[in-house]
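Numbering (this note's numbering), first residue to last: -12 to 280. Glycine included, every Cβ here is placed at the ideal spot set by N, Cα and C. Fair warning: this is a prediction, and the values are worked out from it, not measured in the lab.
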């Protein structure tokens, strides 16, 4: 296997190892110096890697864990819409996402944030409160705005990654190769939505709560010292299922589907509702839309 490394790649590797060391990560084997990017792996190499991960995670959590690599479907571009007039701020989406995507409980990692906003101010992040009491929702004069990865067409995170650890798949999902990520957090600095999260400590997932059906680019357990984020539940949607947050929403505020299908629910929303995207001035061109039904 060719291991030719350009000067730029070498500097990126050195910088990544320094970043990993600074955050207490001593395992450098997930850098580009040791393994090819997911997109460059041969079928045989990928098969071996998936088998090794399945064996490792099954031993760790005491249950049979599968790690798939289902590719993007032809003729599919996923999109998401959220009805702000229906959302009640219950945060069931947050809890469902944590359980489905094997997010760390300690230190706590959550891919979805729900903001409570004043109706009189409208969508104004300066007047939002992410720490409201969910036991008292919905409150009069308030509305709620969940925020996660916006799956941008013009994604700043992809452009800023120095080693190509994050990219946009043909179905529109922006993914991360956790074994390639060097933990430099450039993507976090460039994301205008605060949608990326760094594992500062060893992730803790209770064995009883661990979801054993995982995807290499999605909800498999992540190591310490890497960045992670929402992937539209890639392990589910590529099998024809809804993202977990859509499934658990008690009021039907979340809509999801194929943007290329004129008969899909997401296209109905886009064609018949007045939708907005968050921080449109950034020209990130999100695939995540908000509307008042």
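Three or more Cβ pairs closer than 8 Å define a contact, and the region 62 to 79 falls short of that threshold against the region 206 to 213. Under the DSSP definition of a beta bridge, residue 99 lacks any partner. Under DSSP, residue 129 forms a beta bridge with 105.
Residue burial annotation: residue 275 is buried, with at least 16 other C-beta atoms found within 10 angstroms of its C-beta.
Scanning its chain for C-beta atoms nearer than 6 Å, with the 5 sequence neighbours on each side dropped, one finds around residue 279 the residues 71 and 72, in chain order. The C-alpha of residue 100 lies about 10 Å from the C-alpha of residue 116. If one requires a minimum length of 4 residues, the alpha helix (DSSP H) runs lying completely within the region 109 to 191 are 143 to 147 and 173 to 177, in chain order.
Following the DSSP letters along the chain, one finds residue 259 inside the alpha helix (DSSP H) bounded by residues 252 to 259. Leaving aside the five residues that flank residue 229 on each side, the residues in its chain whose CB is nearer than 6 Å to its CB run, in chain order, 243.
Inside the region 61 to 98, DSSP marks whole beta strand (DSSP E) runs of 3 or more residues at positions 65 to 70, from first to last along the chain. Closest in alpha carbon position to residue 277, among 270, 39, 199 and 110, is 110. Restricting attention to 112, 92 and 158, the CA atom closest to the CA of residue 220 is found in 158.
The beta carbons of residue 57 and residue 216 sit about 19 Å from each other, so the pair does not count as a contact at 8 Å.
In terms of Cβ geometry, residue 82 and residue 236 do not form a close pair [threshold 8 Å]. Annotated three-state conformation of residue 221 is helix, per DSSP. Secondary structure at residue 25: helix, using DSSP grouped into helix, strand and coil. The Cβ atoms of residue 24 and residue 151 sit closer than 8 Å to each other.
Between residue 197 and residue 89, the CB-CB gap stays under 8 Å. Excluding the 5 residues flanking it on each side, residue 136 has same chain C-beta neighbours closer than 6 Å at 182, 216 and 217, in chain order. Contact annotation, residue 40 with residue 207: C-beta distance approximately 6 Å; criterion of less than 8 Å satisfied. Assigned with DSSP and collapsed to three states, residue 48 falls in helix.
The three-state reading of DSSP puts residue 238 in coil, since its state is none of H, G, I, E or B. A straight line joining the alpha-carbon of residue 139 with that of residue 156 spans about 11 Å. In the three-state scheme derived from DSSP, where H, G and I count as helix and E and B as strand, residue 194 is classed as helix. Of 44, 187, 95 and 61, the smallest CA-CA separation from residue 53 is found for 44.
Judged by DSSP secondary structure, residue 54 falls within the beta strand (DSSP E) whose first and last residues are 53 to 55.
Residue 200 carries a strand assignment under DSSP once its states are collapsed to helix, strand and coil. For the set 85, 240, 176 and 120, the Cα lying nearest the Cα of residue 74 is the one of 240. Cβ atoms of residue 192 and residue 92 come within 8 Å of each other, at about 7 Å.
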